[in-house]
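All residue numbers for the sequence shown refer to the working numbering, where the first residue is 114 and numbers rise by one.
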Amino acid sequence: KTDGHISGSIRVLALANQKGGVGKTTTAINLGTALAAIGERVLIIDLDPQGNASTGLGVDRQSRKISTYDVMVGTAKLEDALLETSVPGLAVAPSTLDLLGVELEIASSKDRVRRLSKAIDKLGRDIQPNGFTYVLIDCPPSLNLLTINALTAANAVLVPLQCEFFALEGLSQLLKTVEQVRASLNPGLGIHGIVLTMFDPRNNLSTQVVADVREFMGPKVYDTIIPRNVRVSEAPSHGKPVLLYDLKCAGSQAYLKLASEIIQRERVLRAA
Ligand code: ADP
Ligand code: MG
Numbered sequence: 114k115t116d117g118h119i120s121g122s123i124r125v126l127a128l129a130n131q132k133g134g135v136g137k138t139t140t141a142i143n144l145g146t147a148l149a150a151i152g153e154r155v156l157i158i159d160l161d162p163q164g165n166a167s168t169g170l171g172v173d174r175q176s177r178k179i180s181t182y183d184v185m186v187g188t189a190k191l192e193d194a195l196l197e198t199s200v201p202g203l204a205v206a207p208s209t210l211d212l213l214g215v216e217l218e219i220a221s222s223k224d225r226v227r228r229l230s231k232a233i234d235k236l237g238r239d240i241q242p243n244g245f246t247y248v249l250i251d252c253p254p255s256l257n258l259l260t261i262n263a264l265t266a267a268n269a270v271l272v273p274l275q276c277e278f279f280a281l282e283g284l285s286q287l288l289k290t291v292e293q294v295r296a297s298l299n300p301g302l303g304i305h306g307i308v309l310t311m312f313d314p315r316n317n318l319s320t321q322v323v324a325d326v327r328e329f330m331g332p333k334v335y336d337t338i339i340p341r342n343v344r345v346s347e348a349p350s351h352g353k354p355v356l357l358y359d360l361k362c363a364g365s366q367a368y369l370k371l372a373s374e375i376i377q378r379e380r381v382l383r384a385a
C-alpha cells in the first residue's frame with residue numbers, strides 16, 4: 114500500500130497547529146515518552162527545521178548524520194535516520210536546518226506531498242513485526258509542504274491548543290486544511306483529538322478558554338488537560354523529557370494520563 118494507509122498496527126499521528134509555541138514539540142516529546150513508558154514502541158519524526166524535538170530528546174547536532182531532510186529529498190531511508198533516545202522504546206528521526214530548503218528542492222517532483230508517507234510505509238514493511246506501534250510527527254508552525262506531507266502520512270491529527278485568548282484563532286484554517294488533505298490525498302485522515310496545553314487554574318481566562326474550546330469542538334477535546342508547569346519547560350534544556358526529569362510533577366502526570374486516554378480512544382476506534 115502506498116496511499117498513506119499504514120498496514121498493520123502502526124498508528125501515525127501528526128501533531129499540527131500552524132501557530133508556534135502552542136506545545137506541539139513538548140507534546141511530541143512527552144506523549145512519546147509516556148506511550149513508551151506504558152509499553153508502546155514509539156518513533157518521533159522531527160519535521161521542524163528548528164529541531165527542538167531532537168534537542169529536547171538529547172540528540173546533539175553532531176549526531177544528526179542522517180536526518181529527516183535526507184529522507185524527504187530521498188537520499189536516505191527513514192530507517193537509516195533513526196536514533197534511539199535515553200527513553201527505552203523511544204526513537205527519533207532528527208531534523209536539521211537543511212529541512213528549511215526541502216520545499217524548493219522537491220517542489221517540482223510529482224510525489225512531493227507523499228515523500229513522508231512513502232518513507233513511513235517502507236519503514237513499516239522493512240522492520241515489522243518488531244517495529245513501531247506509534248509514530249508521532251512533530252510538524253513545523255506552518256501549513257507548508259512539510260505539514261502537508263505529515264497530514265498525508267498520518268492516520269489522524271493531534272492538535273495542541275494553548276489555553277490563551279487566541280486559542281481558537283487559526284483552528285478553522287487548520288481544520289480546513291485537514292479537510293482538503295482528506296478529500297484529495299488521504300481519505301482515512303481524521304482528527305484524533307485536541308489537547309489543551311499550558312492550563313493555569315489561577316487564571317480565569319484559561320478556564321474560559323477550556324469551556325469555549327469544549328463547546329466548539331465537543332468530544333474531540335481530550336479529557337486530559339496539560340497544566341502550565343515549570344518542570345515541563347526546564348526539561349528540554351537538560352535534553353530530557355519531563356518524565357525523566359521529574360516524574361512526580363504535574364506535567365509528567367498529565368502526559369501519562371494523556372497517553373492512556375489516547376490508547377483508550379484507539380481501542381474504541383478499533384472496536385468500531
Ligand atoms: P511548539 O512546538 O508548538 O512551537 P513548544 O512545545 O516548543 O511549542 O512550546 C513552546 C514553549 O512553551 C516552550 O518553551 C515550552 O518549553 C513551553 N511549554 C510547553 N508546554 C508547557 C507546559 N505545559 N508548561 C510550561 N511550559 C510549557
Ligand atoms: Mg515545535
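By construction, the Cβ of each residue, glycine as well, lies at the ideal position given by its N, Cα and C atoms. Quick caveat, the model's predicted, so the values are computed rather than measured.
Relative to ligand 2, even the nearest heavy atom lies 6 Å or more away from the CB of Asp159. At the C-beta level, Lys333 and Ile307 come within 7 Å of one another. For Gln286, the enclosing alpha helix (DSSP H) begins and ends at Leu284 to Ser297.
Within the same chain, and ignoring the five residues on either side of Val215 in sequence, the residues whose Cβ sits closer than 8 Å to its Cβ are Tyr182, Met185, Val186, Leu258 and Leu259.
Beta-bridge annotation (DSSP): Gln275 is paired with Thr310. Following the DSSP letters along the chain, one finds Asp193 inside the alpha helix (DSSP H) bounded by residues Leu191 to Ala194.
In this structure, the CA atom of Ala232 is about 12 Å from the CA atom of Ala206. Nearest neighbour of Pro273 by Cα position, chosen from Lys289, Glu153, Thr265 and Pro254, turns out to be Pro254. DSSP places Ile375 in the helix class (H, G or I) of the three-state scheme. When distances are taken from the beta-carbon of Ser346 to the heavy atoms of ligand 1, the shortest one is below 6 Å.
In chain order, Val155, Tyr247 and Ala372 place their CB closer than 6 Å to the CB of Leu148, counting only its own chain and leaving out the 5 sequence neighbours on each side. With contacts defined as CB atoms closer than 7 Å, Leu144 and Asp251 fail to qualify as a contacting pair. Annotation note: the region 202-228 contains the following uninterrupted beta strand (DSSP E) runs of length 3 or greater, listed N- to C-terminal: 203-206.
Leu249 is not a Cβ neighbour of Leu357, given a cutoff of 7 Å.
With a threshold of 16 other beta carbon atoms within 10 Å, Arg228 meets it and is buried. Following the DSSP letters along the chain, one finds Val125 inside the beta strand (DSSP E) bounded by residues Arg124 to Leu128. Contact check for Met330 against Gln275 fails: the beta carbons are separated by 7 Å or more.
Rounded to whole angstroms, the separation of the alpha carbons of Thr146 and Lys361 is 14 Å. Its Cα nearest to that of Asn342, the residue Gly136 stands out among Gly136, Leu196 and Leu128.
With the rule of 3 Cβ pairs closer than 8 Å, the region 377-385 does not count as touching the region 198-212.
Note that the region 314-329 touches the region 276-291; at least 3 beta-carbon pairs, one per stretch, sit closer than 8 Å. Secondary structure remark: continuous beta strand (DSSP E) runs of at least 3 residues inside the region 333-361, in chain order: 334-340. Between Lys235 and Leu191, the beta carbon gap of about 7 Å places them in contact (Cβ cut-off 8 Å).
In this structure, Gly169 lies near Pro349, with their beta-carbon atoms less than 7 Å apart. Per DSSP, reduced to three states, the secondary structure at Glu197 is strand. Burial state of Pro300 is exposed, judged by a 10 Å Cβ sphere holding fewer than 16 other Cβ atoms. A distance below 7 Å between beta-carbons, with the five flanking residues on each side excluded, links Gly171 to the following residues of its chain, in chain order: Thr198, Ser199, Gly352 and Lys353.
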